[in-house]
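Participant: Per the numbering used here, residue 5 is the first one in the sequence shown, and the count goes up by one each step. Beta carbons are placed, not taken as given, at the ideal position from N, Cα and C, and that holds for glycine. All values reported here derive from a predicted model rather than from experimental measurement.
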Amino acid sequence: MRVIFVGVSLAYLRTRVIVDMRRDDDQWDITTSVGATALAVAAGRAVETKRSDGLVNDPYAQAFVDATGKDMPDRPFDDEAWAAQATYLGVRSRFFDDCLSGAAQAGAEQVVILAAGLDTRAFRLSWPAGVTVYEIDQSAVLDFKDRILDQEGADTAAGRIVVPVDLRHDWPAALTGAGFDPSRRTVWLAEGLLPYLPAAAEHLLFERVQELSAPGSRIAVEHFGGSIDKITSSPEFQTMSQQVIGADVRTLFFSEDRDAAPDVWLSGHGWTVTSSLAGDLAQEYGRPLPPGVAEVMGGIELMRADLTG
């Protein structure tokens with residue numbers, strides 16, 4: 005069986021063949037547009053959670069899927085291809101879990117999850133006393149998540165503050181207004197985010213993170229590089245994206261060329277970057293990517309960068 009990963013909220017489109025269906029001011033909820041990709045990723049975490057050798061344990065992922073009533077493959081036996089593709093989500097989640105937890109254990113007091121979607125790390129990870137987790141996303145997405153988490157009785161040892169603001173707007177003002185302190189060490193997460201930002205907004209995002217980061221801060225980033233063309237050009241990708249989220253995911257991406265890859269930009273601004281290939285991490289975690297997934301997803305870079313000075 006040949007398997008190609010769906011990509012959902014992950015892919016980075018470089019080609020201009022696909023006409024953008026996005027607008028600079030578009031909005032969404034959890035079942036439409038970009039929001040639907042967050043739900044698909046939650047379904048992937050639900051698949052991984054049900055595995056005996058799962059790399060992520062998210063006790064709330066299934067509840068998110070169930071609450072929408074959407075028919076998504078959220079169990080390993082529902083769809084063999086999707087279960088194989090969810091392996092990448094497990095690898096990605098494990099890497100970023102370790103990045104955030106490690107930074108907090110090393111003294112970072114603030115965690116900022118950019119475009120948080122249905123991320124539940126504030127609840128499912130163990131945090132040292134005094135850590136505050138900030139979640140930034142559109143209000144409709146955060147409202148849905150909070151409603152389901154309340155129904156599930158979710159609790160966290162960390163302080164958790166939701167910041168309902170679009171990353172294309174003045175999110176630093178909203179973040180600092182919610183209590184964020186730029187003088188404290190922070191760990192930032194940009195997971196499955198960059199392709200959904202216009203090129204100018206992506207550049208501005210890194211500039212703002214730079215301005216808000218004290219020495220010793222960390223950022224964790226997912227970067228597709230050349231892997232995206234393999235993903236978006238595959239017929240399997242087209243079929244699966246329609247089946248899982250009911251749309252051609254390529255129409256959700258902004259296709260402008262980027263000035264520099266994240267590792268290049270960060271390295272040039274005082275950050276020490278460590279980058280790992282998804283395929284190598286999968287081997288390290290004892291969950292090698294299935295052959296079809298490995299050939300298109302194995303080259304994706306999962307990176308962390310630490311600010312010196």
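Smallest Cα separation from L118: which of C103, Y92, V169 and T72?
Facilitator: Taking the first residue of the sequence shown as position 1, residue 118 is located at position 114. Taking only the C-alpha atoms, the option nearest L118 is V169.
Participant: How long is the line joining the alpha carbons of A182 and Q89, rounded to whole angstroms?
Facilitator: Along the sequence shown, one-based indexing puts residue 182 at 178. Along the sequence shown, one-based indexing puts residue 89 at 85. Each residue's alpha carbon lies about 37 angstroms from the other.
Participant: For T91 and A205, I'd like the C-alpha separation in whole angstroms.
Facilitator: If you number the sequence shown from 1, residue 91 lands on position 87. If you number the sequence shown from 1, residue 205 lands on position 201. Roughly 30 angstroms between the two C-alpha positions.
Participant: Between S4 and A71, what straight-line distance do the alpha-carbon atoms span, to the nearest angstrom?
Facilitator: This structure does not reach residue 4, given that the chain is present from 5 up to 313, and the question cannot be answered.
Participant: By the three-class DSSP mapping on this structure, what secondary structure does A182 have?
Facilitator: Here residue 182 is taken as the residue at index 178 of the sequence shown, counted from 1. Coil.
Participant: Since A224 and T276 should fall inside the 8 angstroms C-beta cutoff, what is the C-beta to C-beta distance between them, to a whole number of angstroms?
Facilitator: Along the sequence shown, read from residue 1 onward, the residue named residue 224 stands at position 220. Along the sequence shown, read from residue 1 onward, the residue named residue 276 stands at position 272. In fact, because the Cβ distance is near 13 angstroms, the residues do not count as touching under 8 angstroms.
Participant: Helix or strand or just coil, what does DSSP make of R308?
Facilitator: Here residue 308 corresponds to residue number 304 of the sequence shown, with the count starting at 1. Residue state, collapsed to three classes: strand.
Participant: Who pairs with L93 in a beta bridge, going by DSSP?
Facilitator: Position 89 of the sequence shown, counting from 1, holds the residue named residue 93. In DSSP, L93 forms no bridge with anything.
Participant: What is the DSSP secondary structure of H227, reduced to helix, strand or coil?
Facilitator: To locate residue 227, count along the sequence shown from 1; it is residue 223. Here H227 sits in strand by DSSP.
Participant: Judging by CA-CA distance, which residue of L93, S187 and R55 is the nearest neighbour of A112?
Facilitator: For the purposes of this step, residue 112 is taken as the residue at position 108 of the sequence shown. Out of L93, S187 and R55, S187 has the C-alpha closest to the C-alpha of A112.
Participant: Would you verify that the beta carbon of D185 is, or is not, closer than 8 angstroms to some beta carbon of chain B?
Facilitator: Checking the listed chains, one finds no chain B in this structure; it contains a single protein chain.
Participant: Can you grab the Cα-Cα spacing for the pair D261 / R55, in whole Å?
Facilitator: Numbered from 1 along the sequence shown, position 257 holds the residue referred to as residue 261. Numbered from 1 along the sequence shown, position 51 holds the residue referred to as residue 55. Their Cα atoms are separated by approximately 38 angstroms.
Participant: What does the Cβ neighbour count give for G48, buried or exposed, with the cut at 16 atoms within 10 Å?
Facilitator: Here residue 48 is taken as the residue at index 44 of the sequence shown, counted from 1. Flag for G48 reads buried.
Participant: Kindly give me the distance between the Cβ atoms of L153 and A42, rounded to whole angstroms, as I take these residues to be in contact under 8 angstroms.
Facilitator: In the sequence shown, counting from the first residue as 1, residue 153 sits at position 149. In the sequence shown, counting from the first residue as 1, residue 42 sits at position 38. With 8 angstroms as the limit, L153 and A42 do not qualify as a contact, their Cβ atoms being about 14 angstroms apart.
Participant: Nearest to H207 by alpha carbon, out of V95, P266 and G229?
Facilitator: Indexing the sequence shown from 1 puts residue 207 at position 203. Checking every option, the nearest Cα to that of H207 belongs to P266.
Participant: For the segment 155-172 against the segment 128-146, do three or more pairs of beta-carbon atoms, one drawn from each stretch, fall closer than 8 angstroms, so that the two count as touching?
Facilitator: Yes, since at least three Cβ pairs between the segment 155-172 and the segment 128-146 fall closer than 8 angstroms, the two stretches touch.
Participant: From D101 to E215, what distance separates their C-alpha atoms?
Facilitator: Your numbering for residue 101 matches position 97 in the sequence shown. Your numbering for residue 215 matches position 211 in the sequence shown. About 24 angstroms.
Participant: Reducing DSSP to helix, strand and coil, say where P168 ends up.
Facilitator: In the sequence shown, residue 168 corresponds to position 164, counting from 1. Reduced to three states, the DSSP call for P168 is strand.
Participant: By a C-beta neighbour count over all protein chains shown, 10 Å radius and 16 as the cutoff for buried, is D62 buried or exposed?
Facilitator: Numbered from 1 along the sequence shown, position 58 holds the residue referred to as residue 62. Buried is the call here.
Participant: So, under 8 angstroms CB-CB, G303 and L281 are touching, yes? Tell me the CB distance rounded to an integer number of Å.
Facilitator: Mapped onto the sequence shown, residue 303 falls at position 299. Mapped onto the sequence shown, residue 281 falls at position 277. That pair is a contact at about 6 angstroms.
Participant: I think L179 touches L201, with their Cβ atoms under 8 angstroms apart; what is that distance to the nearest whole Å?
Facilitator: Against the sequence shown, residue 179 aligns to sequence position 175. Against the sequence shown, residue 201 aligns to sequence position 197. The pair is not a contact, with the Cβ atoms about 16 angstroms apart (cut-off 8 angstroms).
Participant: Check this for me: beta carbons of F258 and P199, under 8 angstroms apart or not?
Facilitator: The residue given as residue 258 occupies position 254 in the sequence shown. The residue given as residue 199 occupies position 195 in the sequence shown. Yes, the Cβ-Cβ distance between F258 and P199 is below 8 angstroms.
Participant: For G196 versus V95, is the C-beta distance shorter than 8 angstroms?
Facilitator: Position 192 of the sequence shown holds residue 196. Position 91 of the sequence shown holds residue 95. Their beta carbons are not under 8 angstroms apart, which means G196 does not touch V95 by this criterion.
Participant: Look at the alpha carbon of L209 and the alpha carbon of A65, and state the distance between them as a whole number of angstroms.
Facilitator: On the sequence shown, position 205 is the one that residue 209 refers to. On the sequence shown, position 61 is the one that residue 65 refers to. Taking the straight line joining both Cα atoms gives about 28 angstroms.
Participant: By the DSSP assignment, the beta strand (DSSP E) with D141 in it spans what residues?
Facilitator: The residue given as residue 141 occupies position 137 in the sequence shown. T136 to D141 is the extent of the beta strand (DSSP E) around D141.
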